[in-house]
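No gaps in the numbering here: position 89 of the sequence shown is 906 in the working numbering, and each next residue is one more.
To start, the structure itself, in structure tokens.
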Amino acid sequence: MDENKVLWEKAVAFHGHACGGLTIGYKAALYAMALLELTFSADEQVVCIAENDACGVDAIQVLLGCSIGKGNLLFHLRGKQAFSFYNRKTGGSVRLVLKPGPRGMTKQESFAHYQSLSPEEMFVVKPAIIALPEKARLFDSYVCDCCGETTGANWIRLVGGQTLCLDCCGSYDRFQV
């Protein structure tokens, strides 16, 4: 069986169904693999910054091994079908932005449309606009003095001598009345 067909079937199984959105992420991942000489990332060698949290992100997880837990899948939510990919080994990076497609398509028409296009036809290739993020850090943990839940140090605030999580500390905004 064709390797790409196997990868597609894995993406569909992970996502739960085949759709136009999954196709977008699948073809973005294939294109990034070709442009940056990427393979499945066992650790943080490959990084993806997705500008959406839609279906396509699932295909990127399956094909490239980018995940939130490993720290190599990051979200810079802008509502765009755009993905920046980074190869830590080579220093290469690229931002793939979906070209505008026909408007008013049904879900079935959208799926057929994206399935019919090559990655080169689907995406504008641009330089990545966000610098390669540092590798994921490990933070010390603290127990919130209010709720008693353990929280990473970077999400703890000291308020009135208490160690508080973000949920318990409240927010500070001088413009709120």
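The C-beta atom is built at its ideal place from N, Cα and C for all residues, glycine as well.
1. Which whole-angstrom value describes the C-beta separation of D860 and F892, a residue pair presumed to lie in contact below a C-beta threshold of 8 Å?
2. Based on the DSSP secondary-structure assignment, which residues constitute the bridge partners of V960?
3. Going by DSSP in three states, S910 sits in which element: helix, strand or coil?
4. Could you tell me how far apart the beta carbons of I877 and A845 are, in whole angstroms, since I believe they sit closer than 8 Å?
5. Looking only at its own chain, which residues have a Cβ that is under 6 Å from the Cβ of A835, when we skip the five neighbours before and after it?
6. Considering only DSSP beta bridges, list what L1003 is partnered with.
7. DSSP three-state call for F928: helix, strand or coil?
8. Can you name, in chain order, every residue of its own chain whose Cβ lies under 6 Å from the Cβ of K952, other than the five neighbours on each side?
9. Taking its Cβ as the centre, do 16 or more other Cβ atoms sit within 10 Å of V960, making it buried, or is it exposed?
10. By the DSSP assignment, the alpha helix (DSSP H) with L853 in it spans what residues?
11. Check the DSSP bridge columns for F902 and list the partner residues they point to.
12. Select from R895, L890, L894 and G896 the residue whose C-alpha is nearest the C-alpha of F902.
13. Go through its chain and collect everything with a Cβ distance to L839's Cβ below 8 Å, but skip five positions before and after it.
14. Thinking C-beta only, is Y848 closer than 7 Å to F1006?
15. If we count the other Cβ atoms within 10 Å of its Cβ and call it buried at 16 or more, is A970 buried or exposed?
16. What span of residues does the beta strand (DSSP E) with L891 cover, start to end?
In this structure, then:
1. With a Cβ gap of about 19 Å, D860 and F892 do not count as contacting.
2. Paired residues: T967.
3. strand
4. 7 Å
5. So the qualifying residues of the chain are V829.
6. Here the chain comprises residues numbered 818 to 994, so residue 1003 is not present and cannot be evaluated.
7. helix
8. E861
9. exposed
10. G837 to L853
11. C865 and V911
12. L890
13. A828, V829, H832, C872, G873, D875 and A876
14. Nothing about residue 1006 can be reported from this structure: the residues present for the chain run from 818 to 994 only.
15. exposed
16. L890 to F892
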